[in-house]
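Notes follow once the structure below has been shown.
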Amino acid sequence: MNEPVRDAAQPLNAQIINDGAGRQDAVDLGSGIFMSKDVSNLYLVTTGDGSVLINTGIIYSAPENKRRFDAVSAAPIRKIVFTQSHEDHIGGWPTFNAPGVETIGQANLPFVRTQYRDLGPAMGRRSRRLWSRDQKQEITERPEPVLTTSFHDSLAFEVGGRRFELYSVPGGETVDSLVVWLPQDRIVFTGNMTGPIFGHVPNLYTVRGERYRYVQWYIDSVQRVIDLEPEVLITGHGEPLRGAGEIRRRLTQMRDATQYLHDRVFEGMNAGVDLWTLMETVTLPLELAIPQGHGKVPWIVRAIWEEHLGWFRYESSTELYNVPPQAVMPELIALAGGVAPVVALARQHLAAQRPLQALHLAEAVTATQPGDRTGLQLQLEANEMILAQAGRENFSEVRWLESEIRRLRDELDGAPA
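Numbering (our numbering), first residue to last: 56 to 472.
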(Lines of atoms letter the chains of each structure in order from A and count residues from 1; the text may use other names and numbers.)
(Lines give C-alpha, C1' and ligand atoms only; values in the text may rest on other atoms or scores of the structure.)
Protein backbone atom coordinates (compact mmCIF):
# COMPACT_ATOMS: atom_id res chain seq x y z
CA MET A 1 0.00 0.00 0.00
CA ASN A 2 1.57 3.28 -1.10
CA GLU A 3 1.00 6.77 0.28
CA PRO A 4 -2.62 7.88 -0.16
CA VAL A 5 -3.42 10.62 -2.66
CA ARG A 6 -3.73 13.95 -0.87
CA ASP A 7 -4.75 17.49 -1.63
CA ALA A 8 -1.74 19.09 -3.31
CA ALA A 9 -2.91 22.58 -2.26
CA GLN A 10 -1.68 21.95 1.28
CA PRO A 11 1.75 20.76 2.47
CA LEU A 12 1.61 17.01 3.07
CA ASN A 13 2.68 17.32 6.71
CA ALA A 14 -0.21 19.68 7.49
CA GLN A 15 -2.74 17.17 6.18
CA ILE A 16 -1.07 14.31 8.09
CA ILE A 17 -1.22 16.30 11.33
CA ASN A 18 -4.98 16.67 10.97
CA ASP A 19 -5.77 13.12 9.76
CA GLY A 20 -6.72 12.00 13.26
CA ALA A 21 -8.80 14.99 14.27
CA GLY A 22 -12.27 14.46 15.73
CA ARG A 23 -14.17 11.38 16.76
CA GLN A 24 -13.33 8.34 14.63
CA ASP A 25 -12.67 4.63 15.00
CA ALA A 26 -9.40 2.80 15.39
CA VAL A 27 -8.25 1.28 12.09
CA ASP A 28 -7.87 -2.50 11.90
CA LEU A 29 -4.53 -3.18 10.16
CA GLY A 30 -4.86 -6.94 10.43
CA SER A 31 -2.77 -9.39 12.48
CA GLY A 32 -4.42 -8.10 15.66
CA ILE A 33 -2.97 -4.59 15.19
CA PHE A 34 -5.04 -1.42 15.46
CA MET A 35 -4.03 2.13 14.53
CA SER A 36 -5.33 5.34 16.06
CA LYS A 37 -4.58 8.31 13.82
CA ASP A 38 -3.11 11.30 15.65
CA VAL A 39 -0.51 14.01 15.12
CA SER A 40 1.69 10.92 15.18
CA ASN A 41 -0.15 7.61 15.05
CA LEU A 42 -0.23 5.12 17.91
CA TYR A 43 -0.69 1.37 17.61
CA LEU A 44 -2.25 -1.32 19.78
CA VAL A 45 -0.77 -4.77 19.21
CA THR A 46 -3.13 -7.30 20.79
CA THR A 47 -2.27 -10.76 22.12
CA GLY A 48 -4.02 -13.48 24.10
CA ASP A 49 -2.52 -12.09 27.30
CA GLY A 50 -2.98 -8.34 26.93
CA SER A 51 -1.71 -5.69 24.55
CA VAL A 52 1.43 -3.74 23.73
CA LEU A 53 0.91 -0.04 22.98
CA ILE A 54 3.41 1.52 20.58
CA ASN A 55 3.49 5.27 21.30
CA THR A 56 0.76 7.21 23.08
CA GLY A 57 -0.02 10.15 20.79
CA ILE A 58 -0.16 13.80 21.77
CA ILE A 59 -1.60 14.82 25.13
CA TYR A 60 -4.72 16.62 23.97
CA SER A 61 -5.83 13.60 21.89
CA ALA A 62 -5.29 11.05 24.67
CA PRO A 63 -8.95 10.62 25.80
CA GLU A 64 -10.12 10.10 22.21
CA ASN A 65 -7.25 7.70 21.45
CA LYS A 66 -8.08 5.66 24.54
CA ARG A 67 -11.77 5.56 23.60
CA ARG A 68 -10.87 4.22 20.15
CA PHE A 69 -8.70 1.43 21.52
CA ASP A 70 -11.14 0.55 24.33
CA ALA A 71 -13.77 -0.02 21.62
CA VAL A 72 -11.67 -2.72 19.94
CA SER A 73 -10.08 -4.45 22.94
CA ALA A 74 -10.98 -4.81 26.60
CA ALA A 75 -7.68 -6.55 27.38
CA PRO A 76 -5.22 -4.70 29.63
CA ILE A 77 -2.17 -2.94 28.24
CA ARG A 78 0.91 -4.80 29.47
CA LYS A 79 3.64 -2.64 27.96
CA ILE A 80 4.07 0.82 26.42
CA VAL A 81 6.91 1.31 23.93
CA PHE A 82 8.11 4.72 22.74
CA THR A 83 9.71 4.82 19.30
CA GLN A 84 11.08 8.28 20.15
CA SER A 85 10.68 11.08 22.67
CA HIS A 86 8.84 13.79 20.72
CA GLU A 87 5.64 15.11 22.30
CA ASP A 88 3.38 13.56 19.66
CA HIS A 89 4.74 10.11 20.61
CA ILE A 90 4.81 10.32 24.42
CA GLY A 91 2.18 12.93 25.37
CA GLY A 92 -0.67 10.53 26.13
CA TRP A 93 1.38 8.41 28.53
CA PRO A 94 -0.45 9.49 31.74
CA THR A 95 -3.78 8.41 30.20
CA PHE A 96 -2.58 4.92 29.24
CA ASN A 97 -0.20 4.25 32.10
CA ALA A 98 -1.45 2.21 35.05
CA PRO A 99 -0.01 0.12 37.90
CA GLY A 100 1.83 -2.86 36.50
CA VAL A 101 2.28 -1.37 33.01
CA GLU A 102 5.89 -1.50 31.84
CA THR A 103 7.12 1.58 29.94
CA ILE A 104 10.03 0.91 27.59
CA GLY A 105 12.31 3.30 25.74
CA GLN A 106 15.81 3.53 24.37
CA ALA A 107 18.40 4.53 26.99
CA ASN A 108 18.91 8.03 25.56
CA LEU A 109 15.28 9.05 26.12
CA PRO A 110 15.79 10.77 29.52
CA PHE A 111 18.74 12.74 28.09
CA VAL A 112 16.68 13.95 25.11
CA ARG A 113 13.67 14.81 27.26
CA THR A 114 15.89 16.89 29.56
CA GLN A 115 17.10 18.90 26.58
CA TYR A 116 13.53 19.52 25.41
CA ARG A 117 12.49 20.71 28.87
CA ASP A 118 15.53 22.95 29.29
CA LEU A 119 15.00 24.55 25.86
CA GLY A 120 11.21 24.48 26.02
CA PRO A 121 10.59 28.25 25.74
CA ALA A 122 12.99 28.69 22.81
CA MET A 123 11.79 25.66 20.88
CA GLY A 124 8.16 26.42 21.68
CA ARG A 125 8.43 29.92 20.16
CA ARG A 126 9.91 28.48 16.99
CA SER A 127 7.36 25.69 16.72
CA ARG A 128 4.46 28.09 17.16
CA ARG A 129 5.91 30.32 14.43
CA LEU A 130 5.93 27.40 12.00
CA TRP A 131 2.98 25.22 12.96
CA SER A 132 0.37 27.26 14.82
CA ARG A 133 -1.92 27.10 11.78
CA ASP A 134 -1.76 23.31 11.62
CA GLN A 135 -1.75 22.29 15.27
CA LYS A 136 -4.80 23.96 16.72
CA GLN A 137 -4.32 23.06 20.37
CA GLU A 138 -1.48 24.00 22.69
CA ILE A 139 0.47 21.24 24.40
CA THR A 140 -0.38 21.41 28.09
CA GLU A 141 1.74 20.44 31.06
CA ARG A 142 1.71 16.75 31.93
CA PRO A 143 3.82 14.33 33.96
CA GLU A 144 6.98 13.20 32.24
CA PRO A 145 6.94 9.52 31.26
CA VAL A 146 8.94 7.31 33.60
CA LEU A 147 10.77 4.44 31.94
CA THR A 148 10.65 1.18 33.82
CA THR A 149 12.87 -0.54 31.24
CA SER A 150 15.52 0.87 28.92
CA PHE A 151 18.16 -0.59 26.64
CA HIS A 152 21.09 0.57 24.52
CA ASP A 153 21.14 -1.57 21.36
CA SER A 154 18.38 -4.20 21.49
CA LEU A 155 15.76 -5.76 23.71
CA ALA A 156 13.34 -8.67 23.20
CA PHE A 157 10.25 -9.81 25.10
CA GLU A 158 7.09 -11.86 24.61
CA VAL A 159 3.48 -11.09 25.47
CA GLY A 160 0.85 -13.77 24.95
CA GLY A 161 3.22 -15.84 22.84
CA ARG A 162 3.93 -12.90 20.52
CA ARG A 163 7.61 -11.94 20.23
CA PHE A 164 8.66 -8.28 20.14
CA GLU A 165 12.21 -7.17 19.29
CA LEU A 166 13.32 -3.57 19.79
CA TYR A 167 16.34 -2.14 17.97
CA SER A 168 18.04 1.21 18.49
CA VAL A 169 18.15 3.40 15.36
CA PRO A 170 19.83 6.64 16.54
CA GLY A 171 19.81 8.10 13.03
CA GLY A 172 16.08 8.80 13.31
CA GLU A 173 14.52 12.07 14.40
CA THR A 174 16.04 11.63 17.87
CA VAL A 175 19.06 9.77 19.23
CA ASP A 176 16.63 7.66 21.29
CA SER A 177 14.74 6.37 18.24
CA LEU A 178 13.92 2.67 18.04
CA VAL A 179 12.04 0.28 15.78
CA VAL A 180 9.70 -2.50 16.92
CA TRP A 181 10.03 -5.79 15.00
CA LEU A 182 7.47 -8.59 15.11
CA PRO A 183 9.48 -11.47 13.60
CA GLN A 184 6.60 -13.96 13.50
CA ASP A 185 4.53 -11.53 11.41
CA ARG A 186 7.48 -9.86 9.63
CA ILE A 187 6.06 -6.46 10.60
CA VAL A 188 8.23 -3.51 11.59
CA PHE A 189 7.11 -0.29 13.30
CA THR A 190 9.62 2.45 12.42
CA GLY A 191 7.94 5.44 14.06
CA ASN A 192 9.47 8.58 12.56
CA MET A 193 12.89 7.07 11.95
CA THR A 194 12.71 8.21 8.33
CA GLY A 195 10.73 11.35 9.07
CA PRO A 196 6.97 11.92 9.08
CA ILE A 197 6.67 11.38 5.31
CA PHE A 198 7.95 7.98 4.25
CA GLY A 199 10.08 7.85 1.12
CA HIS A 200 11.37 11.43 1.31
CA VAL A 201 14.88 12.73 1.90
CA PRO A 202 15.76 12.87 5.61
CA ASN A 203 15.55 15.99 7.72
CA LEU A 204 19.08 16.15 9.08
CA TYR A 205 18.39 19.66 10.33
CA THR A 206 15.03 21.03 11.46
CA VAL A 207 14.07 24.62 10.77
CA ARG A 208 12.54 24.83 14.24
CA GLY A 209 16.01 24.07 15.64
CA GLU A 210 17.25 20.90 17.29
CA ARG A 211 20.49 18.96 17.46
CA TYR A 212 21.84 17.78 14.11
CA ARG A 213 20.93 14.27 13.01
CA TYR A 214 24.09 12.47 12.02
CA VAL A 215 24.11 11.40 8.40
CA GLN A 216 26.01 8.13 8.88
CA TRP A 217 23.74 7.14 11.75
CA TYR A 218 20.75 7.72 9.48
CA ILE A 219 22.23 5.54 6.73
CA ASP A 220 23.06 2.79 9.25
CA SER A 221 19.57 2.95 10.78
CA VAL A 222 17.86 2.54 7.41
CA GLN A 223 20.18 -0.39 6.67
CA ARG A 224 19.22 -2.00 9.96
CA VAL A 225 15.58 -2.03 8.91
CA ILE A 226 16.45 -3.30 5.42
CA ASP A 227 18.29 -6.21 7.01
CA LEU A 228 15.14 -7.27 8.88
CA GLU A 229 13.48 -7.94 5.50
CA PRO A 230 10.01 -6.77 6.62
CA GLU A 231 6.87 -7.58 4.68
CA VAL A 232 4.86 -4.79 6.33
CA LEU A 233 6.33 -1.43 7.38
CA ILE A 234 4.29 0.80 9.69
CA THR A 235 5.47 4.37 10.24
CA GLY A 236 4.41 7.15 12.57
CA HIS A 237 2.24 8.75 9.89
CA GLY A 238 0.14 7.58 6.99
CA GLU A 239 -0.79 4.09 5.92
CA PRO A 240 1.34 0.93 6.19
CA LEU A 241 3.58 -0.05 3.30
CA ARG A 242 3.08 -3.68 2.28
CA GLY A 243 5.21 -6.05 0.23
CA ALA A 244 8.81 -7.06 0.95
CA GLY A 245 10.03 -6.02 -2.50
CA GLU A 246 8.45 -2.58 -2.43
CA ILE A 247 9.66 -1.92 1.12
CA ARG A 248 13.23 -2.91 0.22
CA ARG A 249 13.14 -0.81 -2.95
CA ARG A 250 12.03 2.34 -1.21
CA LEU A 251 14.28 1.97 1.84
CA THR A 252 17.23 1.26 -0.46
CA GLN A 253 16.45 4.37 -2.49
CA MET A 254 16.33 6.49 0.67
CA ARG A 255 19.60 4.99 1.93
CA ASP A 256 21.35 5.44 -1.42
CA ALA A 257 20.12 9.01 -1.89
CA THR A 258 21.49 9.99 1.51
CA GLN A 259 24.76 8.15 0.85
CA TYR A 260 25.06 9.99 -2.47
CA LEU A 261 24.66 13.37 -0.77
CA HIS A 262 27.14 12.36 1.94
CA ASP A 263 29.72 11.39 -0.68
CA ARG A 264 29.31 14.49 -2.84
CA VAL A 265 29.62 16.82 0.16
CA PHE A 266 32.71 15.01 1.40
CA GLU A 267 34.25 15.23 -2.07
CA GLY A 268 33.50 18.94 -2.20
CA MET A 269 34.90 19.62 1.26
CA ASN A 270 38.09 17.71 0.45
CA ALA A 271 38.44 19.65 -2.81
CA GLY A 272 38.09 22.97 -1.00
CA VAL A 273 34.71 23.89 -2.49
CA ASP A 274 32.90 26.44 -0.33
CA LEU A 275 29.66 25.65 1.47
CA TRP A 276 27.49 28.00 -0.59
CA THR A 277 28.64 26.48 -3.88
CA LEU A 278 27.93 22.98 -2.58
CA MET A 279 24.45 24.01 -1.44
CA GLU A 280 23.79 25.34 -4.95
CA THR A 281 25.35 22.57 -7.02
CA VAL A 282 24.85 19.26 -5.17
CA THR A 283 21.67 17.62 -6.42
CA LEU A 284 20.30 14.08 -6.56
CA PRO A 285 20.55 12.12 -9.81
CA LEU A 286 17.31 11.16 -11.49
CA GLU A 287 17.29 7.58 -10.18
CA LEU A 288 17.62 8.85 -6.58
CA ALA A 289 15.49 11.99 -6.88
CA ILE A 290 13.10 11.16 -4.04
CA PRO A 291 10.71 13.89 -2.80
CA GLN A 292 11.78 16.70 -0.47
CA GLY A 293 8.60 17.33 1.50
CA HIS A 294 10.33 17.13 4.89
CA GLY A 295 14.08 17.40 4.36
CA LYS A 296 15.61 19.50 1.59
CA VAL A 297 18.81 18.74 -0.29
CA PRO A 298 20.59 22.11 0.27
CA TRP A 299 19.82 21.87 3.99
CA ILE A 300 21.20 18.33 4.09
CA VAL A 301 24.36 19.58 2.40
CA ARG A 302 24.78 22.27 5.04
CA ALA A 303 23.95 19.86 7.88
CA ILE A 304 26.60 17.40 6.66
CA TRP A 305 29.14 20.21 6.31
CA GLU A 306 28.54 21.63 9.76
CA GLU A 307 28.28 18.20 11.41
CA HIS A 308 31.80 17.39 10.22
CA LEU A 309 33.60 20.75 9.84
CA GLY A 310 31.62 22.97 12.20
CA TRP A 311 30.31 26.51 11.75
CA PHE A 312 33.65 28.23 11.00
CA ARG A 313 33.92 28.23 7.21
CA TYR A 314 37.44 29.75 6.90
CA GLU A 315 36.03 32.57 4.77
CA SER A 316 36.53 35.55 7.07
CA SER A 317 37.86 36.46 10.49
CA THR A 318 34.49 38.10 11.16
CA GLU A 319 32.97 34.61 11.54
CA LEU A 320 34.84 34.27 14.84
CA TYR A 321 33.49 37.41 16.47
CA ASN A 322 30.27 39.05 17.59
CA VAL A 323 29.87 41.81 14.98
CA PRO A 324 27.39 40.63 12.32
CA PRO A 325 27.17 42.07 8.79
CA GLN A 326 24.08 44.06 9.82
CA ALA A 327 26.27 46.16 12.10
CA VAL A 328 27.84 47.95 9.13
CA MET A 329 24.79 48.12 6.88
CA PRO A 330 23.99 51.76 7.75
CA GLU A 331 27.52 52.82 6.81
CA LEU A 332 27.40 50.93 3.51
CA ILE A 333 24.04 52.44 2.62
CA ALA A 334 25.35 55.90 3.47
CA LEU A 335 28.28 55.31 1.09
CA ALA A 336 25.80 54.26 -1.59
CA GLY A 337 24.06 57.64 -1.24
CA GLY A 338 21.16 56.55 0.96
CA VAL A 339 18.43 53.97 0.66
CA ALA A 340 17.10 55.11 -2.76
CA PRO A 341 19.81 53.47 -4.90
CA VAL A 342 19.69 50.34 -2.74
CA VAL A 343 15.92 50.13 -3.19
CA ALA A 344 16.34 50.59 -6.95
CA LEU A 345 18.89 47.78 -7.09
CA ALA A 346 16.61 45.51 -5.05
CA ARG A 347 13.80 46.16 -7.52
CA GLN A 348 16.11 45.22 -10.38
CA HIS A 349 16.83 41.91 -8.70
CA LEU A 350 13.12 41.24 -8.21
CA ALA A 351 12.43 42.06 -11.85
CA ALA A 352 15.14 39.56 -12.81
CA GLN A 353 13.60 36.85 -10.57
CA ARG A 354 16.45 37.01 -8.03
CA PRO A 355 14.48 37.36 -4.79
CA LEU A 356 17.26 36.30 -2.42
CA GLN A 357 19.55 39.08 -3.62
CA ALA A 358 16.64 41.51 -3.34
CA LEU A 359 15.92 40.29 0.20
CA HIS A 360 19.50 40.93 1.35
CA LEU A 361 19.29 44.51 0.07
CA ALA A 362 15.81 45.09 1.52
CA GLU A 363 16.96 43.88 4.92
CA ALA A 364 19.89 46.30 4.69
CA VAL A 365 17.37 49.09 4.20
CA THR A 366 15.38 48.22 7.34
CA ALA A 367 18.61 47.67 9.30
CA THR A 368 19.41 51.30 8.44
CA GLN A 369 15.90 52.65 8.85
CA PRO A 370 13.84 50.30 11.07
CA GLY A 371 10.20 50.15 9.99
CA ASP A 372 10.92 51.70 6.59
CA ARG A 373 7.81 50.98 4.53
CA THR A 374 9.63 50.55 1.24
CA GLY A 375 12.12 48.13 2.77
CA LEU A 376 9.30 46.09 4.33
CA GLN A 377 7.38 46.01 1.05
CA LEU A 378 10.46 44.77 -0.79
CA GLN A 379 10.98 42.05 1.82
CA LEU A 380 7.35 41.01 1.44
CA GLU A 381 7.61 40.77 -2.34
CA ALA A 382 10.91 38.87 -2.10
CA ASN A 383 9.48 36.30 0.33
CA GLU A 384 6.40 35.85 -1.84
CA MET A 385 8.62 35.21 -4.87
CA ILE A 386 10.81 32.76 -2.95
CA LEU A 387 7.69 30.83 -1.93
CA ALA A 388 6.39 30.75 -5.50
CA GLN A 389 9.76 29.59 -6.85
CA ALA A 390 10.10 26.89 -4.19
CA GLY A 391 7.02 25.05 -5.47
CA ARG A 392 5.47 24.52 -2.03
CA GLU A 393 6.96 21.02 -1.69
CA ASN A 394 8.83 21.30 1.59
CA PHE A 395 6.59 21.68 4.64
CA SER A 396 8.98 23.62 6.88
CA GLU A 397 10.09 25.92 4.07
CA VAL A 398 6.48 26.72 3.20
CA ARG A 399 5.49 27.32 6.79
CA TRP A 400 8.52 29.57 7.47
CA LEU A 401 7.95 31.69 4.36
CA GLU A 402 4.23 31.98 5.10
CA SER A 403 5.00 33.12 8.64
CA GLU A 404 7.41 35.76 7.31
CA ILE A 405 4.82 36.96 4.81
CA ARG A 406 2.21 37.31 7.58
CA ARG A 407 4.71 39.17 9.80
CA LEU A 408 5.65 41.60 7.06
CA ARG A 409 2.03 42.27 6.16
CA ASP A 410 1.26 42.96 9.81
CA GLU A 411 4.24 45.34 10.03
CA LEU A 412 3.16 47.13 6.86
CA ASP A 413 -0.33 47.54 8.27
CA GLY A 414 1.21 49.32 11.24
CA ALA A 415 4.00 51.14 9.39
CA PRO A 416 3.67 54.86 8.68
CA ALA A 417 2.59 55.63 5.10
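Beta carbons: idealized from backbone N, C-alpha and C, even for Gly.
Problem set entry | Collapsed DSSP secondary structure at L405 in the structure displayed | The residue labelled residue 405 in the question sits at position 350 within the sequence shown. Three-state result, L405: helix.
Problem set entry | Straight-line gap, A401 to L416 (C-alpha atoms, nearest Å) | For the purposes of this step, residue 401 is taken as the residue at position 346 of the sequence shown. For the purposes of this step, residue 416 is taken as the residue at position 361 of the sequence shown. So the two alpha carbons sit approximately 6 Å from each other.
Exercise. In chain order, which beta strand (DSSP E) runs of at least 3 residues are fully inside the region 184-259?
Worked result: 204-206, 209-214, 217-223, 233-237, 242-246
Exercise. In whole angstroms, what separates the C-alpha of L433 from that of L387?
Worked result: Translated into positions along the sequence shown, residue 433 becomes position 378. Translated into positions along the sequence shown, residue 387 becomes position 332. Those two C-alpha atoms are separated by around 19 Å.
Exercise. Looking only at C-alpha atoms, which of Y315, R461, L164, H292 sits nearest to R188?
Worked result: Taking the sequence shown and counting its residues from 1, one reaches residue 188 at position 133. The shortest Cα separation from R188 among Y315, R461, L164, H292 belongs to R461.
For this session: Work out the CA separation of G392 and G227 for me, nearest whole Å.
Result: Start at 1 with the first residue of the sequence shown, and residue 227 comes out as number 172. Start at 1 with the first residue of the sequence shown, and residue 392 comes out as number 337. Whole-angstrom Cα-Cα distance: 52 Å.
Problem set entry | Own chain residues within Cβ distance below 7 Å of D83, not counting five before or after | The residue given as residue 83 occupies position 28 in the sequence shown. Within the same chain, D83 has close Cβ partners F89.
Exercise. Taking the continuous beta strand (DSSP E) assigned at Y98, which residues delimit it?
Worked result: Residue numbering aside, residue 98 sits at position 43 when the sequence shown is read from its first letter. Per DSSP, the continuous beta strand (DSSP E) segment holding Y98 begins and ends at 97-102.
Exercise. Along the chain, where does the beta strand (DSSP E) that runs through F89 open and close?
Worked result: Numbered from 1 along the sequence shown, position 34 holds the residue referred to as residue 89. Annotation: the continuous beta strand (DSSP E) that includes F89 extends over 88-91.
Exercise. Beta-carbon separation of V214 and I242 under 8 Å?
Worked result: The residue labelled residue 214 in the question sits at position 159 within the sequence shown. The residue labelled residue 242 in the question sits at position 187 within the sequence shown. No, these two residues do not count as a Cβ contact at 8 Å.
For this session: Just tell me which of S140, E142, E452 has its CA closest to the CA of H349.
Result: Locating residue 349 in the sequence shown gives position 294, counting from the first residue. Of the listed residues, the one whose Cα sits closest to H349 is E452.
Exercise. Taking the alpha helix (DSSP H) that S458 falls in, what are its first and last residues?
Worked result: Locating residue 458 in the sequence shown gives position 403, where the first residue counts as 1. From DSSP, the alpha helix (DSSP H) with S458 extends over 450-469.
For this session: Tell me whether the beta-carbon of G250 lies closer than 8 Å to the beta-carbon of G103.
Result: As a position in the sequence shown, residue 250 is number 195, starting the count at 1. As a position in the sequence shown, residue 103 is number 48, starting the count at 1. Their beta carbons are not under 8 Å apart, which means G250 does not touch G103 by this criterion.
Problem set entry | Three-state secondary structure assigned by DSSP to E286 | As a first step, residue 286 is located in the sequence shown; it is residue number 231 there, counting from the start. Three-state DSSP puts E286 in coil, outside helix and strand.
For this session: Check L174 in the structure and name its three-state DSSP category.
Result: Numbered from its first residue, the sequence shown carries residue 174 at position 119. DSSP places L174 in coil when its eight states are reduced to three.
For this session: Classify R297 as helix, strand or coil using the three-state DSSP reduction.
Result: Sequence index remark: in the sequence shown, residue 297 carries index 242 (1-based). Residue state, collapsed to three classes: strand.
For this session: Tell whether a beta-carbon distance below 8 Å holds between S140 and T261.
Result: Here residue 140 refers to the residue found at position 85 when the sequence shown is read from its first residue. Here residue 261 refers to the residue found at position 206 when the sequence shown is read from its first residue. Not a contact, by the Cβ cut-off of 8 Å.
Exercise. What whole-angstrom Cβ distance do S128 and D240 have, given they're in contact under 8 Å?
Worked result: Position 73 of the sequence shown, counted from the first residue, corresponds to residue 128. Position 185 of the sequence shown, counted from the first residue, corresponds to residue 240. About 17 Å; that fails the 8 Å criterion.
Exercise. Do you know offhand how far M384's Cα is from V394's?
Worked result: For the purposes of this step, residue 384 is identified with residue 329 of the sequence shown, where counting begins at 1. For the purposes of this step, residue 394 is identified with residue 339 of the sequence shown, where counting begins at 1. Approximately 11 Å between the Cα atoms of the pair.
Problem set entry | Cβ-based burial, S95 [other Cβ within 10 Å; buried from 16] | What you label residue 95 is simply residue 40 of the sequence shown in a count that begins at 1. So S95 ends up on the buried side.
Exercise. Can you pull the DSSP bridge partners for T150?
Worked result: Position 95 of the sequence shown holds residue 150. None; T150 has no bridge partner.
Exercise. Under the three-state reduction of DSSP, which class applies to L372: helix, strand or coil?
Worked result: Numbered from 1 along the sequence shown, position 317 holds the residue referred to as residue 372. Leu is not the amino acid found at residue 372; the sequence shown has Ser there. Helix.
Problem set entry | As assigned by DSSP and simplified to three states, the class of E265 | As a first step, residue 265 is located in the sequence shown; it is residue number 210 there, counting from the start. DSSP places E265 outside both helix and strand once states are collapsed to three, so it counts as coil.
Exercise. Of the choices Q444, Y115, R464, whose alpha-carbon is the least far from that of L435?
Worked result: In the sequence shown, counting from the first residue as 1, residue 435 sits at position 380. It is R464.
Exercise. So, is N258 buried or exposed, given that buried needs 16 or more other C-beta atoms within 10 angstroms?
Worked result: Within the sequence shown, numbered from 1, the residue matching residue 258 stands at position 203. Burial of N258 is indicated by the presence of at least 16 other C-beta atoms within 10 angstroms of its C-beta.
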